[in-house]
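There are 2 protein chains.
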Amino acid sequence: MHLFKSLSLATAAVCGLTVANAAEISSPNGEIIVNFSLESGVPTYHVDYKGKPIILPSTLGLELVGTTNLMDGFELIGENSSTQDETWEPVWGENSQIRNHYNEYLAHLKQPATERLMDIRFRVYDDGVGFRYEFPMQDKLVYFVVKEEHSQFAMPGDMTAWWIAGDYDTQEYAYTESRLSEIRGLMEKSIIDNLSQTTFSPTGVQTSLQLKTDDGIYLNLHEAALVDYSCMHLNLDDKNMVFESWLTPDAMGNKGHLQCPAKSPWRTMIISDDARDMLSSNLILNLNEPCAYEDTSWIKPVKYVGVWWEMIAGPSQWSYTWDYPSVKLDTIDYAQCKPHSRHGANNENVKKYIDFAAEHGFDQVLVEGWNIGWEDWSGNWKDYVFDFVTPYPDFDIDMLNKYANDRGVKIMMHHETSGSARNYERHMAVAYDLMDKYGYNAVKSGYVGNILPRGEHHYGQWMNNHYLYAVTEAAKHHIMVNGHEAVRPTGLCRTYPNLIGNESACGTEYESFGGNKPSHTTVLPFTRLQGGPMDYTPGIFVMDLNEFNPENHSHVNSTLARQLALYVTMYSPLQMAADTPEHYGRYMDAFQFIKDVPVDWSESHYLEAEPGRYITVARKDKNSDSWFVGNTSSEHGHKSNLTLSFLDPDRKYIATIYADAKDAHYKDNPQAYTITTKEVTSKSSLSLNAAPGGGYAISIVPKP
Amino acid sequence: MHLFKSLSLATAAVCGLTVANAAEISSPNGEIIVNFSLESGVPTYHVDYKGKPIILPSTLGLELVGTTNLMDGFELIGENSSTQDETWEPVWGENSQIRNHYNEYLAHLKQPATERLMDIRFRVYDDGVGFRYEFPMQDKLVYFVVKEEHSQFAMPGDMTAWWIAGDYDTQEYAYTESRLSEIRGLMEKSIIDNLSQTTFSPTGVQTSLQLKTDDGIYLNLHEAALVDYSCMHLNLDDKNMVFESWLTPDAMGNKGHLQCPAKSPWRTMIISDDARDMLSSNLILNLNEPCAYEDTSWIKPVKYVGVWWEMIAGPSQWSYTWDYPSVKLDTIDYAQCKPHSRHGANNENVKKYIDFAAEHGFDQVLVEGWNIGWEDWSGNWKDYVFDFVTPYPDFDIDMLNKYANDRGVKIMMHHETSGSARNYERHMAVAYDLMDKYGYNAVKSGYVGNILPRGEHHYGQWMNNHYLYAVTEAAKHHIMVNGHEAVRPTGLCRTYPNLIGNESACGTEYESFGGNKPSHTTVLPFTRLQGGPMDYTPGIFVMDLNEFNPENHSHVNSTLARQLALYVTMYSPLQMAADTPEHYGRYMDAFQFIKDVPVDWSESHYLEAEPGRYITVARKDKNSDSWFVGNTSSEHGHKSNLTLSFLDPDRKYIATIYADAKDAHYKDNPQAYTITTKEVTSKSSLSLNAAPGGGYAISIVPKP
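Top to bottom, those sequences are chains A and B.
For the first sequence, our numbering begins at 4 and goes up steadily by one.
For the second sequence, our numbering begins at 4 and goes up steadily by one.
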């Protein structure tokens with residue numbers, strides 16, 4: 004198989020340019036071609052897909068602090084190429100096997116004026132391209148500080164984009180669909196308030212960024228294996244339609260502190276003319292390192308309920324008392340405080356959730372607000388905000404864990420850090436020890452508010468180091484981590500599969516903060532989910548939140564049937580049934596789907612997809628021969644005509660279809676659903692209708 | 004005893020000023036009078052000593068970020084006064100008992116425009132004054148950010164000062180003696196290079212600052228109990244001769260993040276017309292909280308030798324190999340490296356020091372450079388710089404600890420952090436566990452270079468929190484801490500007596516970096532030592548460092564006799580004999596004094612003192628009836644006529660006098676000393692002569 008052509012002489016001769024060196028790297032199927040060259044000493048690349056440009060000529064390099072940049076003046080002093088074709092098995096995932104097949108090209112560059120070396124490595128897959136910078140051990144470049152990375156992604160036109168504002172501290176913005184040329188005008192409107200937020204440019208956006216050309220080519224820009232580096236945003240030059248990397252700064256304004264040998268994360272481009280390929284791509288996972296743990300038997304997908312939605316949307320509180328304007332953990336005696344009686348994490352309430360979980364086969368019960376400190380936890384940039392080990396007086400940790408374990412259920416730990424990273428690291432060992440003692444094996448962590456050390460941002464190198472430290476330290480205790488407000492995932496769950504979830508986008512909680520756009524869940528799998536699973540916390544059955552809490556005037560912008568579908572469309576090994584036992588009790592027939600749906604899969608087939616419009620996916624249970632189909636749609640609804648050709652042709656199945664009723668609508672009739680069953684085979688077709696803001700969910704179980 | 008007079012009506016009537024409230028607080032002996040008042044709502048104080056002003060009217064208050072300042076608009080809404088007279092026993096110290104006797108005045112202030120409360124507390128002792136700000140729990144002031152503290156100290160004239168440049172990151176400057184009016188002109192010259200340094204003002208100086216009026220009143224300005232606050236410098240308005248507090252900023256430029264209830268450290272003024280009182284004052288210790296530990300039996304003063312001076316001044320290295328431009332601890336295999344053969348912390352060398360320590364009765368052997376990472380440890384702002392647990396291949400930690408313990412000696416642990424505080428905290432628990440395992444009970448820690456988190460300074464609130472965290476975590480393991488490059492001490496060793504030492508000034512190592520001024524050790528006890536003991540590492544016997552290391556052209560600016568005296572004049576419960584066994588072997592008769600001198604005392608009597616000129620002190624061993632006298636002098640030398648009236652009048656003693664020979668001189672004849680013995684009683688007088696840069700040491704042992 005032809006891997007790459009060294010075009011040094013040919014190009015120089017043909018074009019008459021001062022091209023010193025050039026190479027062409029092809030995908031295994033030949034549909035994607037990357038051209039790399041040095042243009043007057045500047046590293047430059049472009050990408051063609053099926054013979055048409057998808058990335059126009061773009062330059063690469065890094066601007067450094069206090070020394071010559073690594074931007075130009077390079078010579079090519081060596082080249083390597085290779086092919087990889089292997090299949091690996093994730094600990095959990097959308098598929099039980101993943102093929103990793105690419106052609107690789109490695110350019111060894113030297114900057115003669117400084118005698119420094121820099122390599123650029125490309126991997127070209129059938130579904131896209133990754134490249135990264137590598138800095139070998141050398142005498143002339145030892146420690147260096149990055150002022151900015153200047154990796155360009157020149158767009159082939161004024162594409163359509165599904166974007167959120169670039170921000171160093173939050174990813175919790177609603178997606179805007181617009182032309183690139185419209186980003187500047189729509190930026191201000193796209194930014195909503197967050198306790199911690201730092202936008203930086205009127206044309207700055209976040210990755211993963213989903214794009215589409217007018218002639219139907221889809222392009223996704225993101226990064227893979229973000230380790231010991233700051234998180235990348237993209238800033239658009241909207242005259243020339245060129246995106247350029249824009250890293251997250253540290254407290255000094257620097258954007259990276261590197262020691263050779265070092266490497267950047269991969270910069271990724273998923274490319275296809277079929278939107279479904281964006282969703283089935285494993286490019287990001289493939290560009291990450293293999294699993295770092297020898298034993299992964301302790302890592303288990305989790306389906307859970309929790310004492311959470313009643314605080315987010317309902318009348319319950321995380322806190323215990325309103326006695327004081329603020330609390331100091333080392334002096335306060337909660338036993339002497341007057342409880343305000345709205346504390347959600349109390350013994351009786353937690354037992355109710357445990358009973359519910361046990362009755363309906365859930366693995367775990369998340370309890371937020373169990374530990375002291377919630378009276379003034381947020382918005383105060385407080386250092387010693389939690390100790391992660393001391394329960395409130397009405398949370399009997401010993402009794403409750405025994406109560407849960409006796410019923411085959413685990414309590415899920417909650418470590419809100421309030422952004423106070425040093426404080427968390429100081430208590431991490433005893434916090435994990437406490438979990439060991441009581442048999443917790445999963446923790447939801449949170450980073451609400453501005454970061455301490457002050458001046459650091461959520462997505463800078465310092466905090467990225469912290470998030471990974473929390474995961475690898477947890478692994479020593481056989482603990483799984485679900486990090487909220489942490490940096491967006493970049494496929495690190497391949498290497499560290501105890502990172503079973505992240506938030507890193509507007510989750511279901513925003514349904515209580517004004518409501519997500521009805522199309523939100525048709526965009527997330529194209530963007531946020533590219534890097535790893537999201538703890539989206541679906542399963543809300545009571546859409547009018549005023550029913551739940553007189554002070555809540557928000558509305559869940561989804562039908563009930565679509566809430567079921569999200570367990571299939573929003574892939575995650577960690578799925579919450581987020582509503583309350585009482586609310587589920589009102590729709591137990593629909594709740595059956597949440598009970599039945601698995602959280603780990605052997606196969607996934609994206610049947611229909613268009614960002615912002617609809618996604619339909621069929622997945623096969625990893626532990627049985629059952630299939631599950633989910634569809635989510637936008638405010639326009641969606642009509643599907645599905646062929647069930649993914650089913651085993653030799654078997655018959657019973658399909659149970661949870662669909663929007665004819666008059667269902669996310670706004671005023673969300674709980675109108677139908678449940679029908681029918682026998683199906685691989686030859687069956689299904690005509691299905693998703694209401695505005697609706698969807699459908701199907702379980703397909705083999706006939707015995 | 005009269006404590007304070009409320010002068011509200013009287014002053015208003017007499018002066019015709021808009022004085023709302025005023026109070027007068029007297030020292031127990033009546034010689035110091037503090038006047039506090041609100042001048043047009045601004046907190047104001049002045050101090051008289053023996054009827055003359057020593058602090059002119061000075062204002063107090065804090066400037067806040069983003070809200071009304073706490074500077075003016077105050078009303079006095081209450082007052083409290085009290086007297087304290089108690090005696091307490093330090094775990095170790097210059098005296099076995101300390102009297103804490105003061106009159107206290109507490110002003111309750113309210114800022115009606117904001118409804119906020121602030122208290123100012125004064126304590127007036129016979130030897131000086133302390134005041135601090137207190138912020139009670141309240142609804143209108145909960146969390147606040149300090150932009151600057153504006154505590155004034157208005158000088159009564161153009162005093163003489165012994166000062167070093169104000170700096171957020173180093174205290175390692177030579178003292179300058181000058182008029183206040185000369186500081187600006189001498190500032191630049193006073194600043195020498197340091198790996199981490201951040202000066203801030205041409206008239207900014209550090210505390211403890213020693214001052215003297217033309218009519219012989221001594222004043223020392225410092226702070227006590229620096230906890231959860233940033234370290235104070237003093238900036239001089241040299242038109243009006245008014246010092247004002249200047250706090251150390253954080254990475255954002257803010258100078259303090261406080262949560263009510265909160266309090267500032269004490270701002271201290273030691274006052275006397277006898278310089279010896281500056282040195283015998285216990286004001287700083289008294290203003291600190293009592294010991295926080297119930298059990299202190301594990302805290303023991305330490306006399307030690309170490310593998311250190313041969314790296315500082317000699318040819319040995321901390322590092323092991325020169326194979327690589329830098330090292331990464333998680334990938335390097337030292338067993339595969341080529342050793343450069345100058346690694347000081349090797350088994351044979353360490354055994355030599357252990358043998359020497361055992362033979363001569365030292366408690367411990369410090370070994371620096373024992374752990375991997377020293378190849379690129381300094382100046383690189385490196386995050387993961389040490390792991391604190393992995394020895395170099397030629398340091399057999401198991402064997403060496405056994406070898407030492409078998410000989411009744413402990414190895415002293417060394418934790419250089421290179422300023423990477425997060426990294427140290429991450430490894431602290433395992434590092435202390437390792438010490439537990441091998442029986443180490445003391446650690447010398449270091450913070451060379453710029454701080455990580457980047458942007459933080461050595462003396463900011465963030466790092467002050469860290470240093471104390473290291474001490475209190477160590478206490479859980481019964482480990483004593485000797486912190487180098489940490490913030491200057493402020494008497495916290497009373498509360499946390501396992502903080503047995505700090506550096507926080509130019510120590511003996513500077514004799515190898517160009518040489519300390521001959522007068523250096525006549526200033527340090529007036530300044531640096533006010534807050535707590537210094538690990539000065541005296542005892543250098545070979546002054547011409549070129550003899551030791553062909554590349555070293557520095558010279559130790561002291562006679563050998565003075566090196567002995569420093570064990571008495573530089574009070575510390577932790578004393579090193581810093582030179583090598585070989586060098587001591589050349590002067591074993593003089594070395595006897597270092598073997599004999601204790602490191603803990605029941606009584607101390609300062610016999611003579613003048614900053615920059617001479618200090619003579621007599622101390623009684625805590626564990627015997629022996630006395631030890633030390634004198635250090637400047638380049639001018641010093642003549643003493645001592646009366647030994649401190650001795651027990653009923654006993655006879657043998658005095659062994661280690662003195663400069665007649666022709667001794669720190670520059671060209673430092674090793675000329677005499678050792679004489681004579682019988683003495685409490686009625687004896689001794690005429691003694693210290694050479695230029697010299698001194699003398701005397702042991703006075705009861706006759707059996």
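Every residue gets a Cβ at the ideal spot worked out from N, C-alpha and C, and that includes glycine.
D142 (chain B) reaches chain A at P328, counting residues in chain order whose Cβ is nearer than 9 Å. Along the length of the stretch 451-503 of chain B, whole alpha helix (DSSP H) runs at least 4 residues long occupy 464-479, reported in chain order. Straight through space, the alpha carbons of D538 (chain B) and L689 (chain B) are spaced by roughly 30 Å.
Neighbours of R119 (chain A) across chain B, judged by C-beta separation under 8 Å, do not exist; the nearest C-beta is about 12 Å away. If you draw a straight line from the Cα of S627 (chain B) to the Cα of F596 (chain B), it comes to about 16 Å. Taking the CA atoms as reference points, K355 (chain B) sits about 25 Å from L569 (chain B).
Any Cβ of chain A closer than 7 Å to the Cβ of M272 (chain B) would place that residue at the interface, and such an atom is absent. Under the 10 Å beta carbon count, A116 (chain A) is surrounded by fewer than 16 other beta carbons and is classified as exposed. Within chain A, the residues whose beta carbon sits less than 7 Å from that of N383 (chain B) are Y146, listed in sequence order. The C-beta of A432 (chain A) comes closer than 7 Å to at least one C-beta of chain B. Residue-level contact check: M158 (chain B) does not touch chain A, since none of the beta carbons of chain A fall below 7 Å from its beta carbon. Beta-carbon to beta-carbon, W377 (chain A) and Y327 (chain A) are separated by about 12 Å, too far to satisfy the 8 Å threshold. In this structure, Y499 (chain B) sits away from G486 (chain B), with a CB-CB distance that is not shorter than 7 Å. When C-alpha distances from V388 (chain A) are compared across A:N285, A:Y171, A:K331, the shortest belongs to A:K331. For D129 (chain A), the three-state secondary structure derived from DSSP is coil.
Secondary structure of T86 (chain B) (DSSP, three-state): strand.
For Q367 (chain A), no CB of chain B lies under 7 Å from its own CB, so it is not counted at the interface with that chain. Interface residue (Cβ-Cβ distance to chain B less than 7 Å): R457 (chain A) is classified as such. At a cut-off of 7 Å between beta-carbon atoms, Q262 (chain A) makes contact with chain B. At least one beta carbon of chain B lies nearer than 7 Å to the beta carbon of M255 (chain A). Straight through space, the alpha carbons of E459 (chain A) and S29 (chain A) are spaced by roughly 40 Å.
Of the candidates B:T62, B:P159, B:G696, B:T179, the residue whose Cα lies closest to the Cα of Y617 (chain B) is B:G696.
Rounded to the nearest angstrom, the Cβ distance from E512 (chain B) to Y450 (chain B) is 15 Å, too far for a contact under 8 Å. When the beta-carbon positions are compared, S184 (chain A) and D217 (chain A) stay at least 7 Å from each other. If you draw a straight line from the Cα of R187 (chain A) to the Cα of T163 (chain A), it is about 14 Å long.
In the three-state reduction of the DSSP assignment, G207 (chain B) falls in the strand class.
In the three-state reduction of the DSSP assignment, R345 (chain A) falls in the coil class, being assigned neither a helical nor a strand state. A Cβ-Cβ distance of about 3 Å is found for the pair G259 (chain B) and V149 (chain B), placing them in contact under the 8 Å criterion. Residues of chain A whose Cβ lies closer than 8 Å to the Cβ of K331 (chain B) are, in chain order, Q262, P264. Here DSSP, grouped into helix, strand and coil, assigns S522 (chain B) to coil. Here the alpha carbons of M121 (chain A) and V145 (chain A) stand approximately 12 Å from one another. In the three-state scheme derived from DSSP, where H, G and I count as helix and E and B as strand, I357 (chain A) is classed as helix. Chain-order list of chain B residues neighbouring W325 (chain A): empty, with the shortest C-beta distance near 12 Å, by a criterion of under 7 Å. G615 (chain A) and E638 (chain A) have their alpha carbons spaced roughly 9 Å apart. In the pairwise beta carbon analysis, the stretch 403-413 of chain A is classified as not touching the stretch 473-485 of chain A: fewer than three pairs are separated by under 8 Å. Collapsing the DSSP output to three states places S193 (chain B) in a helix.
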